[in-house]
């Protein structure tokens, strides 16, 4: 079916469209209809169904005779090991851990916090919770104790499953002390902890409270899959809130299953049995949807990668993984490719590997600047597909349906809305704006299956956070525009659209221009306060490795580029060369934090920051420019 026809039907006949997709899922009791809107704006999908996620991700493939197929490949440059786990082996591991949880009173609706690095046991823990109807909440391994405590208080888990440590280049991060401090600080105390001991650092266990991973499973029967209702929470995933209090995004079971099953074939073009690799972390939504659940629901093989795009050991590690495991479809963040491009600008390391299995590269998580997309296209020789989604949506809002009806790629755009997402560009008063006009990106309710129905124990906050600014719409918080062909362009977070002497300008547009400079490997533009113009843009430039030119000359050329391609209206005169940019651990650049440093405004480093020391480097660079004033 052509994309245009399929998309039109998903908007005009939401119920009929999504009921046509339920055949990809095994149901205990099939749904009688797709959309339940009796409690709008709290919509529910497939509410009256009975289903189990773990059955659909594991057991049914074994029952179908595919138990010997590899389900998980764990590739760890950090330990120098590679492990293959079959679907039958995975079924046994998951059922055993689920039995250990059930034997200690964890059951339907109970919460379990998972605090793990990129190891197969993280997926086993997630699936074990799903098997018995428990609600998991994965917290990024190594997260600070205070931030972990806030999540313990909000989710109120009956148990925590953790590893003894995580591995970073050059260091071992012990998790147990962080977890102990978090529990000591939290007002809610879990009933027990299960610890998976790793060779790099073993944790000291307290008798009766801390349980060894394997010892906890001894002597207890494996657990069977427990059917849950279609609207049962599959998991809670916390995302940063503007108030500093994390927001617990809820994912409902049935809609999650149907949406991910549709996307694996139609968006990512993956067939059952093929290898799909997402270079992310299970602590982020991408890891939930497309390291753990999506590939396994679809019967594909997923890669769990414990390493970095550069430094483990070099900028060719991605190509090595693709070559070793015959990856068919690969998905990572643009920031990873910018790091690789900066270390190996000519892409020389690509030549060392056989990438003939790779059909497509997908980028999401940060805006994919055209220069990075073009570089990846040239070096890999495959389509490079930008697509756009959020923690809240759980799967792509916009993309290019490569497995269904591939559309022309427009570099700079994540292409077109996926089924069920009715996207409009609105001005500040909530009115639709013409094609090509920058505005707030909003999605008309209801959102499709797989998206958040609400926030955990915070219905009122859900409404104020997402549904109040534009009544009848979900507010994405992103700014952009639609072109005449219906392609969407994401230009910045709404907060990153700056007002220069009355002109609303996208920082993303300026970053595109700066990234095109041959010496610039990565960049960011923020708006800083200005007495005359209100705001003016400031650029931060990271140069490619091996560039020996005077930094002042590069800055001068970049200023001229922006003036030439965007115009004097941008008032772009401030730029500085820095060694690196502050980012979250998922690769998002902390532009708002950089702007606060420049303006001399008090700020709290986000809990997800990768390396807080970078903020001192940014402050030093800004002082050289005379900021804050």
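Residue numbers (the UniProt record's numbering): 1 to 629. Every residue, glycine too, gets a C-beta built ideally from N, C-alpha and C.
Candidates the options, of which the one nearest residue i by Cα
i	options	result
residue 421	411, 399 and 431	399
residue 312	37, 78, 477 and 482	78
residue 543	119, 448, 518 and 280	518
residue 261	253, 297, 284 and 277	297
residue 235	18, 598 and 250	250
residue 101	81, 117 and 135	135
residue 258	449, 513 and 332	449
residue 287	569, 603, 137 and 105	137
residue 254	21, 267 and 583	21
residue 418	401, 294, 410 and 427	401
residue 128	36, 73 and 59	59
residue 576	520, 409, 197 and 270	520
residue 599	620, 610, 629 and 171	629
residue 497	345, 347, 457 and 439	439
residue 328	504, 195, 23 and 382	382
residue 55	19, 39 and 95	95
residue 532	18, 104 and 500	500
residue 348	462, 616 and 379	379
residue 625	578, 40, 610 and 194	578
residue 503	515, 222 and 437	437
Distance CB(residue i)-CB(residue j) smaller than 8 Å
i	j	result
residue 392	residue 468	no
residue 256	residue 133	no
residue 444	residue 424	yes
residue 330	residue 340	no
residue 275	residue 326	yes
residue 387	residue 353	no
residue 512	residue 412	yes
residue 359	residue 334	no
residue 384	residue 396	no
residue 291	residue 310	no
residue 528	residue 538	yes
residue 483	residue 435	yes
residue 111	residue 156	yes
residue 158	residue 228	no
residue 152	residue 125	no
residue 12	residue 230	no
residue 271	residue 404	no
residue 201	residue 165	yes
residue 607	residue 143	yes
residue 214	residue 175	no
residue 319	residue 355	yes
residue 87	residue 65	no
residue 263	residue 294	yes
residue 597	residue 615	yes
residue 486	residue 416	yes
For residue i, the residue or residues it bridges with in DSSP
i	result
residue 421	DSSP lists no partner for residue 421.
residue 163	196
residue 428	Residue 428 is not bridged to any residue.
residue 45	35
residue 683	There is simply no residue 683 to check, as the chain begins at 1 and stops at 629 in what is shown.
residue 276	302 and 329
residue 676	The first residue shown for the chain is 1 and the last is 629, placing residue 676 beyond what the model contains.
residue 492	479
residue 583	589
residue 455	249
residue 704	What is shown of the chain runs 1 to 629, which leaves residue 704 out entirely.
Span of the beta strand (DSSP E) around residue i
i	result
residue 469	Element bounds for residue 469: n/a, residue is neither H nor E.
residue 257	Here residue 257 belongs to no beta strand (DSSP E); instead the alpha helix (DSSP H) covers 253-266.
residue 439	439-444
residue 171	171-174
residue 114	111-115
residue 618	Segment 613-624 is the alpha helix (DSSP H) holding residue 618; no beta strand (DSSP E) there.
residue 460	From DSSP, residue 460 is part of no beta strand (DSSP E) but of the alpha helix (DSSP H) over 459-462.
residue 574	574-577
Host alpha helix (DSSP H) of residue i (start-end)
i	result
residue 3	3-12
residue 87	87-103
residue 597	591-599
residue 386	Element bounds for residue 386: not the alpha helix (DSSP H) but the beta strand (DSSP E), 384-386.
Check: residue i C-beta below 7 Å from any heavy atom of the ligand PLP
i	result
residue 16	In terms of ligand content, the structure shown is empty, and the ligand PLP therefore cannot be addressed.
Legend entry - Minimum length 4: unbroken alpha helix (DSSP H) runs contained in the region 296-371: 317-325 and 334-343
Inset, instruction - Please go through the region 494-570 and give each complete alpha helix (DSSP H) segment of 4 or more residues, from N-terminal end onward. - result: 507-515 and 551-565
Inset, instruction - Would you list, in sequence order, the uninterrupted alpha helix (DSSP H) runs of no fewer than 4 residues that lie entirely inside the region 123-155? - result: 145-155
Inset, instruction - Mind listing, in chain order, the continuous beta strand (DSSP E) runs of no fewer than 3 residues lying wholly within the region 202-255? - result: 210-212, 233-239 and 247-252
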